[in-house]
Amino acid sequence: MMNNIRELICIGCPMGCAMQIELEDDKVVKVTGNLCKRGETYGEKECTNPTRIITSSVEIEGGEFKTVPVKTERDIPKEKIYQCIQLLKGIKVKAPVNIGDIIIENVGDTGVNIIATRNVEAV
0 MMNNIRELIC IGCPMGCAMQ IELEDDKVVK VTGNLCKRGE TYGEKECTNP
50 TRIITSSVEI EGGEFKTVPV KTERDIPKEK IYQCIQLLKG IKVKAPVNIG
100 DIIIENVGDT GVNIIATRNV EAV
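If you use numbering that gives the first Met the number 0, the sequence shown corresponds to residues 0 to 122, in order.
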């Protein structure tokens with residue numbers, strides 16, 4: 000059995016609690032320093048299965064803007080970030096685009112779609 004302590008600043012709420020997460024053989028056994036339940040949940044997830052939301056932009060053809068901002072519908076595994084960013088390179092969509100339109104379906108086999116976050120009218 001190997002114990003390990005990780006220190007994190009919680010991003011679950013505006014408090015920004017300094018937390019200590021005690022791990023035993025890669026399993027969370029204790030979370031301290033959090034002032035709310037969200038901190039405990041965040042600490043456990045960050046130490047065992049870290050995920051992130053990806054935001055970026057892609058080119059748009061025939062639109063009122065040259066690019067449209069995009070993001071993952073929900074968080075994806077941290078180790079898939081680079082692959083997802085690579086898949087966005089060179090993507091071009093045609094205007095019009097609406098908020099929520101799927102730009103890439105099931106990006107990087109994550110089960111998560113990349114969606115538009117802005118309306119862009121055609122010109």
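Each residue gets a CB set at the ideal place from its N, CA and C atoms; glycine is no exception. Note that the coordinates shown come from a computational prediction; the quantities given were computed from them, not determined experimentally.
### Which of helix, strand or coil DSSP assigns to L126
Missing from the structure shown is residue 126; the chain here goes from 0 to 122 and no further.
### Contact check, K77 vs T50, beta carbons under 8 Å
Position 78 of the sequence shown, counted from the start, is the residue given in the question as residue 77. Position 51 of the sequence shown, counted from the start, is the residue given in the question as residue 50. The answer is yes: Cβ separation under 8 Å.
### Task
With a cut-off of 8 Å on the beta carbons, I'd call I75 and C83 a contact; round off their distance for me.
Locating residue 75 in the sequence shown gives position 76, where the first residue counts as 1. Locating residue 83 in the sequence shown gives position 84, where the first residue counts as 1. Contact between I75 and C83 holds, since their C-beta atoms are separated by about 6 Å, short of 8 Å.
### Query
Going along the chain, which unbroken runs of the alpha helix (DSSP H) with 4 or more residues stay wholly within the region 70-108?
80-87
### Message
By the DSSP assignment, the beta strand (DSSP E) with E60 in it spans what residues?
### Response
Stepping through the sequence shown from its first residue, residue 60 is reached at position 61. Looking at the DSSP string, the run of the beta strand (DSSP E) that includes E60 is T54 to E60.
#### Entry: Extent of the continuous alpha helix (DSSP H) run through R37
Translated into positions along the sequence shown, residue 37 becomes position 38. Residues K36 to T47.
### Local conformation of E120 per DSSP, three classes
For the purposes of this step, residue 120 is taken as residue 121 along the sequence shown, with counting starting at 1. Looking at E120 - three-state DSSP - the assignment turns out to be coil, as it is neither helix nor strand.
### Query
For the putative contact between R73 and V106, defined by C-beta atoms under 8 Å, what is the C-beta separation to the nearest angstrom?
Working through the sequence shown from its first residue, we reach residue 73 at position 74. Working through the sequence shown from its first residue, we reach residue 106 at position 107. Wrong, their Cβ atoms sit about 11 Å apart, outside the cutoff.
### Query
Which value, in whole angstroms, describes the spacing of the CA atoms of I113 and E43?
Along the sequence shown, read from residue 1 onward, the residue named residue 113 stands at position 114. Along the sequence shown, read from residue 1 onward, the residue named residue 43 stands at position 44. I113 and E43: Cα-Cα distance of roughly 26 Å.
### Query
Whose C-alpha, out of Q85, G99 and E39, is nearest the C-alpha of I10?
Residue numbering aside, residue 10 sits at position 11 when the sequence shown is read from its first letter. Nearest of Q85, G99 and E39 to I10, Cα basis: E39.
#### Entry: Classification of N2 by the beta-carbon crowding that lies within 10 angstroms, buried from 16 upward
In the sequence shown, the residue the question calls residue 2 occupies position 3. By the 10 Å Cβ count, N2 comes out exposed.
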